[in-house]
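Trainee: Before I ask anything, here is the structure I am working with.
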Amino acid sequence: MEKYCINSWAEIVELLNSNVQQGISEKYCEALRLKYGTNKIDLPSGSSIYKHVLNALKQKSIIIHIIITIILFTLKNYLFGIFLSVLLIANLVIIVQHTIKRDKEISSLEKLNSEDVVVIRDGVQKVVRSEELVIGDIVKFNRNSIVAADLRIISANDIKVDEKSITGETFYKEKFETKIIGSVSSLGDMKNILFKGSVVKAGEGLGIVIATGTSTQLGRILAMLTYASNRKHNFGAMISKFLEKYLFIYFLAIIVIGSYFVYTGQDVQKNYISTALFALGCFPVAIISRIVFKKVIKQFLNENIEIINFSVFNLIKDVNILFIDKVGSISKKEMIVKKIFINNDVILTSEPYVKEITFDRIVEISLICNNAIYDAANENGKGELDEIAFLDYAAKKKIYKASIDSKNVKTLEIPMDSDKRFFTVVTRINKRYRANTRGNVDAVLEKCTHIMIEGVERELTEEYKAVIKGTDMNLSIDGLITEGFAYRNFNYEPSKSENIESNMVFVGVIGLENPLEENLENNINRIKDKAIVPILFTEESKLSAITNAKRANIIRNNNQVVAGIELDSLNQEELKDLLSRVRVFCRVNPEIKSKIVSLFIKDGHKVATTGETLGDLPALNLSNVGIGKGKASAMVKRLSDVYIKENYLQGFFNIRDFSKVFDRNIDRGFKIYFMAVLSELLVLLGSLIMGQAGSLDFWNILIINGVLFIPLSLIILLKRGRSISNNEVITRAVVLSIVTMISIYKVDGKVATIIPLTILSMGILIFTLFNSNTSIRRVSNELIMGIVSFVIIILSIIGIILINNILLRDIILIELVVSIIFLIIFEILARKWQNSLMR
Numbered sequence: 001m002e003k004y005c006i007n008s009w010a011e012i013v014e015l016l017n018s019n020v021q022q023g024i025s026e027k028y029c030e031a032l033r034l035k036y037g038t039n040k041i042d043l044p045s046g047s048s049i050y051k052h053v054l055n056a057l058k059q060k061s062i063i064i065h066i067i068i069t070i071i072l073f074t075l076k077n078y079l080f081g082i083f084l085s086v087l088l089i090a091n092l093v094i095i096v097q098h099t100i101k102r103d104k105e106i107s108s109l110e111k112l113n114s115e116d117v118v119v120i121r122d123g124v125q126k127v128v129r130s131e132e133l134v135i136g137d138i139v140k141f142n143r144n145s146i147v148a149a150d151l152r153i154i155s156a157n158d159i160k161v162d163e164k165s166i167t168g169e170t171f172y173k174e175k176f177e178t179k180i181i182g183s184v185s186s187l188g189d190m191k192n193i194l195f196k197g198s199v200v201k202a203g204e205g206l207g208i209v210i211a212t213g214t215s216t217q218l219g220r221i222l223a224m225l226t227y228a229s230n231r232k233h234n235f236g237a238m239i240s241k242f243l244e245k246y247l248f249i250y251f252l253a254i255i256v257i258g259s260y261f262v263y264t265g266q267d268v269q270k271n272y273i274s275t276a277l278f279a280l281g282c283f284p285v286a287i288i289s290r291i292v293f294k295k296v297i298k299q300f301l302n303e304n305i306e307i308i309n310f311s312v313f314n315l316i317k318d319v320n321i322l323f324i325d326k327v328g329s330i331s332k333k334e335m336i337v338k339k340i341f342i343n344n345d346v347i348l349t350s351e352p353y354v355k356e357i358t359f360d361r362i363v364e365i366s367l368i369c370n371n372a373i374y375d376a377a378n379e380n381g382k383g384e385l386d387e388i389a390f391l392d393y394a395a396k397k398k399i400y401k402a403s404i405d406s407k408n409v410k411t412l413e414i415p416m417d418s419d420k421r422f423f424t425v426v427t428r429i430n431k432r433y434r435a436n437t438r439g440n441v442d443a444v445l446e447k448c449t450h451i452m453i454e455g456v457e458r459e460l461t462e463e464y465k466a467v468i469k470g471t472d473m474n475l476s477i478d479g480l481i482t483e484g485f486a487y488r489n490f491n492y493e494p495s496k497s498e499n500i501e502s503n504m505v506f507v508g509v510i511g512l513e514n515p516l517e518e519n520l521e522n523n524i525n526r527i528k529d530k531a532i533v534p535i536l537f538t539e540e541s542k543l544s545a546i547t548n549a550k551r552a553n554i555i556r557n558n559n560q561v562v563a564g565i566e567l568d569s570l571n572q573e574e575l576k577d578l579l580s581r582v583r584v585f586c587r588v589n590p591e592i593k594s595k596i597v598s599l600f601i602k603d604g605h606k607v608a609t610t611g612e613t614l615g616d617l618p619a620l621n622l623s624n625v626g627i628g629k630g631k632a633s634a635m636v637k638r639l640s641d642v643y644i645k646e647n648y649l650q651g652f653f654n655i656r657d658f659s660k661v662f663d664r665n666i667d668r669g670f671k672i673y674f675m676a677v678l679s680e681l682l683v684l685l686g687s688l689i690m691g692q693a694g695s696l697d698f699w700n701i702l703i704i705n706g707v708l709f710i711p712l713s714l715i716i717l718l719k720r721g722r723s724i725s726n727n728e729v730i731t732r733a734v735v736l737s738i739v740t741m742i743s744i745y746k747v748d749g750k751v752a753t754i755i756p757l758t759i760l761s762m763g764i765l766i767f768t769l770f771n772s773n774t775s776i777r778r779v780s781n782e783l784i785m786g787i788v789s790f791v792i793i794i795l796s797i798i799g800i801i802l803i804n805n806i807l808l809r810d811i812i813l814i815e816l817v818v819s820i821i822f823l824i825i826f827e828i829l830a831r832k833w834q835n836s837l838m839r
């Protein structure tokens, strides 16, 4: 895509065998479609809600809830049935709403395949459907046009475009037709390209089709989004499995035990079955999940961590391979100029500045070939780390970019690419011109025929070359990142078409240090202690990478480091064998990086990868966990599972640690809920035996299961607590049910409904607070939720008393108080007993 930006539109039209006036010939269109593919892409349809509903209905937990609801209506218990129907619909709405959220983001793109487009073919202007477009078509567009393919702009008249669907940016972008001088690092920099799916909000113009269908930026993004969605968004499925495990056992028990009573046809027993089924189904799991999701996301936002895919908590705990970039993980986000090689000698940057032609020239080139911004007063900058380092060093020597730029007017820039590892800026100095070059030492050296020694240009002999290469090697062995500098003078203004980057004069080498983090040893040990293998990607040379990786304790042997150039010639099997030992990859292009990640995944590893550029998108998408970081664009964030701006290694640990706690908490939450359900079922059975009909009614269960468990779930899911065994679930349920049945023994009428509500709800609250280690000595979210739960219980009891005109006798109040005190004492003793077993 970059070649379409940095070349003129006339060159692009010629490259694609088209013509601005004539366009493409109609007879060649079909051949072009066969060669490049059609312009049709499959879009997730925002209107297919029924598909999402059907997918939700396939969940076993939903099926069980539907069966429970049908049975309740069959038993003619309409109140229970109607309420569960409403709850079921609410759960379905929340589930479906969550699954179609990503479709809504691109709902405006549904018209893309059928949109009418004005094209020029055979010199005639005509209207065709967007899916009929081919590479090389000349397309006219104006205000409110939906861009039907990726276009290189030929002419632009005050164009402003909405690219939110592609770049994620919410503001309108201005576009123009001129070629871009310099490198293009992101979609946002491509200001002479219109992307498929974007909308022209103002202006009009003409463009040539450079990509169609799945080859467009939109097509690639949608393919990655669909792949990631199908593979990564599995948190809902995990929750459903937790729920199914308990639901099925209890449901089967109720059906088996209740079948006998239904068979006998006794109405009282049928009511008990209805109540038991209602207790099982009255759990607003989707509502609780939605509230917890928002709480967790907000909690991590406070730590500057943006959770994009909530399933990251399910995915990250199994990661055993962590691909990390050197900068920001093992090294600081800064560089320092440490050594300079000029005049056949290495000088330390700490030495005082002495005005000298060669020194002035290398500093001058480092400032001219520099797009960073630096504030010398505050000693901070914005831009690439090496460029900021050059500006910082020059400023300390009282040499400033603004002064250099005023004397050297930029006329042309030749960007760096993967094949040419340096870039050049041509400037005008008075009436003369100079090409200033900075980049890889070996690559720059190959373009030089002379060398500057003490201000004099001399022939670059083999002896000089050997000294330069030897110095470059020594600086790399010291762990420094090296860059070479050269120039070429012109008596005329050179054009880009001529070979500017040749016959150059080599000036010198600058060695930069990228300092390692102070707590590096702890971070690396922390990774290894968690049985995770760290694998490093770095842009430094192989020698420098070996030195720094050994300092970081990532490698032990030199053969654990490999350069990208060594991987280009390897086949799949050779690459796979190499990966078993390599721990550091130097100067690897995005294609090789994606191949490395995919091979680890195919080998059964769970992989996490970091990235922040468009080139990182394939690797982020392939990984089990994709971590956007640093200056990641909106699109990179969108395709990541989590975004961590700074200190992403610590952020990774925070998410992973929380995920393990969260996983246990989900299990605790379901166990406490089904402990409550088991207590209710035992109370129902005991009431049936004692002839205490109606002691546990609709309102009791609705308050405990449907209302009380919302604040209780926030305590359980967001607070680290003790693991709960199945024996504890059964023991607590039996204790709660026995205490309740003793208290309601020989209590008749509406008074009996107060007792199970009070004892069961207070028993569950007490157990939850003890299990979650909630302290009453300091204010916390868990304590607040505990107080909210207590208030709900008290208000519910008062409400039932007032509605039913219940007059509580002293003996009942005493029984309730004694029961609650007993449950508190029981939990204290149980906790002490557990602590003694753990010692």
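Here the sequence shown is numbered in full-length UniProt numbering, starting from 1 and rising by one per residue.
Glycine included, every Cβ here is placed at the ideal spot set by N, Cα and C.
#1: In chain order, what residues of the same chain lie with their CB nearer than 6 Å to the CB of ASN523, ignoring the 5 residues before and after it?
#2: Across the stretch 268-284 and the stretch 67-87, are there enough close Cβ pairs to call them in contact, namely three or more that are closer than 8 Å?
#3: To the nearest angstrom, report how far apart GLU163 and SER198 are at their CA atoms.
#4: Could you tell me the alpha carbon to alpha carbon distance between PHE195 and ARG33, rounded to whole angstroms?
#5: When you compare each of ASN553, GLU26, ASP360 to GLY123 by their alpha carbons, which one comes out closest?
#6: Near PHE242, which residues of its chain fall below 8 Å by C-beta distance, leaving aside the five closest residues on each side in sequence?
#7: Cα separation between VAL779 and VAL285?
#8: Cutting at 7 Å between CB atoms, please list the residues of its own chain near LEU348, excluding the five before and the five after it.
#9: Can you give me the C-alpha to C-alpha distance between ILE792 and ILE798, rounded to a whole angstrom?
#10: Can you find the residues in the same chain that come closer than 6 Å, C-beta to C-beta, to ALA676, ignoring five residues on each side of it along the sequence?
#11: Three or more beta-carbon pairs under 8 Å between the stretch 350-365 and the stretch 544-553, yes or no?
#12: Please list, in chain order, all residues of the same chain as GLY564 whose beta carbon is under 8 Å from its beta carbon, the five residues on each side excluded.
#13: Assuming THR482 is part of the alpha helix (DSSP H), what are its boundary residues?
#14: By the three-class DSSP mapping on this structure, what secondary structure does SER108 have?
#15: What is the DSSP secondary structure of SER541, counted as helix, strand or coil?
#16: Thinking ILE744 and ALA752 are a contact (beta carbons under 8 Å), I'd like their distance in whole angstroms, please.
#17: Measuring straight from C-alpha to C-alpha, what distance separates ALA372 and SER289?
#18: Is there contact between the stretch 451-465 and the stretch 412-432, where contact requires at least three CB pairs shorter than 8 Å?
#19: Please classify residue 840 as buried or exposed, where buried requires at least 16 other C-beta atoms within 10 Å of its C-beta.
#20: Can you tell me the Cα-Cα spacing of TYR643 and ILE535, whole angstroms?
#21: Report yes or no: do three or more beta-carbon pairs, one from the stretch 515-532 and one from the stretch 312-331, lie closer than 8 Å?
#22: May I ask which residues mark the beginning and end of the alpha helix (DSSP H) holding TYR673?
#23: Going by C-alpha to C-alpha distance, which of ASN192, TYR172, VAL209, ILE193 sits closest to LYS201?
#24: Where does ILE776 sit, in a helix, a strand or coil, going by DSSP?
#25: My output table needs one value for PRO711: the three-state DSSP class, helix, strand or coil.
#26: If MET785 and LEU714 are in contact, beta carbons under 8 Å, what's the gap, nearest whole angstrom?
#27: Taking the C-alpha atoms as reference points, what is the distance between ASN343 and ILE468?
#28: Taking only runs that begin and end inside the stretch 447-526, name each unbroken beta strand (DSSP E) of 3 or more residues, in chain order.
#29: Between LYS175 and LYS191, which are expected to be in contact by the criterion C-beta below 8 Å, what is the C-beta distance as a whole number of angstroms?
#30: As an exercise, report each continuous alpha helix (DSSP H) stretch of at least 4 residues that is fully enclosed by the UniProt domain "P-type ATPase A" (112-224), in chain order.
#31: Any idea what DSSP makes of ARG638, helix, strand or coil?
#32: Taking the DSSP output, what are the residues bridged to PHE283?
#33: With distances taken from CA atoms, which of HIS450, TRP833, VAL562, ILE239 is nearest ILE546?
#34: To the nearest angstrom, report how far apart GLU513 and ASP392 are at their CA atoms.
Mentor: Result, derived from the coordinates:
#1: As a first step, residue 523 must be located in the sequence shown, where it is residue number 523. Excluding positions up to five away in sequence, the list reads LEU649.
#2: yes
#3: In the sequence shown, residue 163 corresponds to position 163, counting from 1. In the sequence shown, residue 198 corresponds to position 198, counting from 1. The alpha-carbon atoms of GLU163 and SER198 are separated by roughly 5 Å.
#4: Counting from 1 along the sequence shown, the entry for residue 195 is found at position 195. Counting from 1 along the sequence shown, the entry for residue 33 is found at position 33. Distance between the alpha carbons of PHE195 and ARG33 is about 19 Å.
#5: The residue given as residue 123 occupies position 123 in the sequence shown. Relative to GLY123, the option among ASN553, GLU26, ASP360 whose CA is nearest is GLU26.
#6: Counting from one through the sequence shown, the residue named residue 242 turns up at place 242. When the five nearest sequence neighbours on each side are left out, the beta carbons in the same chain lying within less than 8 Å of the beta carbon of PHE242 are those of ILE666, ASP667, PHE670, in order along the chain.
#7: For this step, residue 779 is matched to residue 779 along the sequence shown. For this step, residue 285 is matched to residue 285 along the sequence shown. So the two alpha carbons sit approximately 27 Å from each other.
#8: The count along the sequence shown starts at 1 and reaches residue 348 at position 348. Here the set comprises LYS339.
#9: Within the sequence shown, numbered from 1, the residue matching residue 792 stands at position 792. Within the sequence shown, numbered from 1, the residue matching residue 798 stands at position 798. Each residue's alpha carbon lies about 10 Å from the other.
#10: Mapped onto the sequence shown, residue 676 falls at position 676. Cβ neighbours of ALA676 beyond the five flanking positions: ILE764.
#11: no
#12: Mapped onto the sequence shown, residue 564 falls at position 564. Excluding sequence neighbours, GLY564 sits near PHE585, CYS586, ARG587, VAL588, ASN589, ILE592.
#13: Numbered from 1 along the sequence shown, position 482 holds the residue referred to as residue 482. Premise fails: THR482 lies in the beta strand (DSSP E), 481-490, not in any alpha helix (DSSP H).
#14: Sequence index remark: in the sequence shown, residue 108 carries index 108 (1-based). Confidence at SER108 is low in this model, with a pLDDT of 48, below 50, so its placement is unreliable and the value that follows should be read with caution. Three-state DSSP puts SER108 in a helix.
#15: On the sequence shown, residue 541 is found 541 positions in, with the first residue counted as 1. Three-state result, SER541: coil.
#16: Start at 1 with the first residue of the sequence shown, and residue 744 comes out as number 744. Start at 1 with the first residue of the sequence shown, and residue 752 comes out as number 752. Correct: roughly 5 Å between the Cβ atoms.
#17: Translated into positions along the sequence shown, residue 372 becomes position 372. Translated into positions along the sequence shown, residue 289 becomes position 289. Going by the C-alpha atoms only, they are around 46 Å apart.
#18: no
#19: Residue numbering for the chain in the displayed model covers 1 to 839; residue 840 lies beyond these limits and cannot be assessed.
#20: By one-based count along the sequence shown, residue 643 stands at place 643. By one-based count along the sequence shown, residue 535 stands at place 535. In this model, TYR643 and ILE535 are separated by some 20 Å (Cα to Cα).
#21: With a cut-off of 8 Å, the stretch 312-331 and the stretch 515-532 count as touching, because enough Cβ pairs lie within range.
#22: In the sequence shown, the residue the question calls residue 673 occupies position 673. Its alpha helix (DSSP H) spans residues 648-690.
#23: The residue labelled residue 201 in the question sits at position 201 within the sequence shown. Taking each of ASN192, TYR172, VAL209, ILE193 in turn and checking the Cα distance to LYS201, the smallest one comes out for TYR172.
#24: Locating residue 776 in the sequence shown gives position 776, counting from the first residue. Here ILE776 sits in coil by DSSP.
#25: As a working mapping, residue 711 is identified with position 711 in the sequence shown. Here PRO711 sits in helix by DSSP.
#26: Position 785 of the sequence shown, counted from the start, is the residue given in the question as residue 785. Position 714 of the sequence shown, counted from the start, is the residue given in the question as residue 714. Right, the Cβ-Cβ distance comes to about 5 Å (below 8 Å), so this counts as a contact.
#27: For the purposes of this step, residue 343 is taken as the residue at position 343 of the sequence shown. For the purposes of this step, residue 468 is taken as the residue at position 468 of the sequence shown. Straight-line Cα distance between these residues: approximately 10 Å.
#28: The DSSP assignment places 448-453, 456-459, 481-490, 504-513 as complete runs of the beta strand (DSSP E) inside the stretch 447-526, in order along the chain (cut-off: 3 residues).
#29: Position 175 of the sequence shown holds residue 175. Position 191 of the sequence shown holds residue 191. Between LYS191 and LYS175 the Cβ distance is about 6 Å, and since that is below 8 Å, they are a contact.
#30: 164-167
#31: By one-based count along the sequence shown, residue 638 stands at place 638. Assigned with DSSP and collapsed to three states, ARG638 falls in helix.
#32: Here residue 283 is taken as the residue at index 283 of the sequence shown, counted from 1. PHE283 is not bridged to any residue.
#33: Numbered from its first residue, the sequence shown carries residue 546 at position 546. The shortest C-alpha separation from ILE546 is found at VAL562.
#34: Numbered from 1 along the sequence shown, position 513 holds the residue referred to as residue 513. Numbered from 1 along the sequence shown, position 392 holds the residue referred to as residue 392. About 13 Å.
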